[in-house]
Each structure stands twice: as structure tokens, then as C-alpha cells.
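K.L.:
My structure is below; once you've seen it, I'll send some questions.
Below, the structure is given as C-alpha cells:
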């Protein structure tokens, strides 16, 4: 009998997707924040933009304030449109 040891084959490590390395958090533009708020209002947003929102330099309070402002403006717009339609219909 020979004294040979059999080593198990080394299994390759599973590949994991690492987050892209950024050189620092980028400040988010007003346009990006508005686009994110509108996408949230509609209920759709790309994975890329979602990651940019969470990894950006912006504060959560900016998104909360933008969401509140959008909601108030949306309600005012709907109320105004309905009042104008009812007024033109003679009600």
C-alpha cells in the first residue's frame, strides 16, 4: 500500500457582487431628488437610482421635505381642478 493522501479539490469561491467603489459620496442634485420623489409617488424607480439615493450625500430629511411639498402641491392641484370643473358645470 502506498501512503498517498488525497486532498479534496478546492472549490472556487462563489462570486459576490460588490458595490461599486466610489471615491466619496456625491452630493445629489435638486433634479435628482425631484425625480426620485416623483418616481416614489408613481411607485417605480430603477435599482440604479435607488442605490444612488441611499449612497448619496443627501439627507433623509431632504427627501421627507420634498415628499411633503409634493403631496401638498398635488392635493392643492387636484382641489383646484375639481373646483374649476364644478364651477364650469354650474354646480
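Residue numbers (the working numbering): 1 to 91. Backbone N, C-alpha and C define an ideal beta-carbon position, used for all residues, glycine too. Just so you know, these numbers come straight off a predicted model, no measurement behind them.
#1: Using the Cα positions of residue 78 and residue 41, report the straight-line distance between them to the nearest angstrom.
#2: In this structure, does DSSP put residue 148 in helix, strand or coil?
#3: Within 8 Å, do at least three Cβ pairs link the segment 52 to 63 to the segment 24 to 37?
#4: Where residue 75 and residue 69 are concerned, what is the direct C-alpha to C-alpha distance, given to the nearest angstrom?
#5: Residue 28 by DSSP, collapsed to three states: which one?
P.N.:
From the atom records:
#1: Counted from its first residue, the chain shown places residue 78 at position 78. Counted from its first residue, the chain shown places residue 41 at position 41. For residue 78 and residue 41, the distance between alpha carbons rounds to 15 Å.
#2: Because residue 148 is not part of the residues shown, which for the chain are 1 to 91, the question remains open.
#3: yes
#4: Counted from its first residue, the chain shown places residue 75 at position 75. Counted from its first residue, the chain shown places residue 69 at position 69. Here the alpha carbons of residue 69 and residue 75 stand approximately 10 Å from one another.
#5: Within the chain shown, numbered from 1, the residue matching residue 28 stands at position 28. Three-state DSSP puts residue 28 in coil, outside helix and strand.
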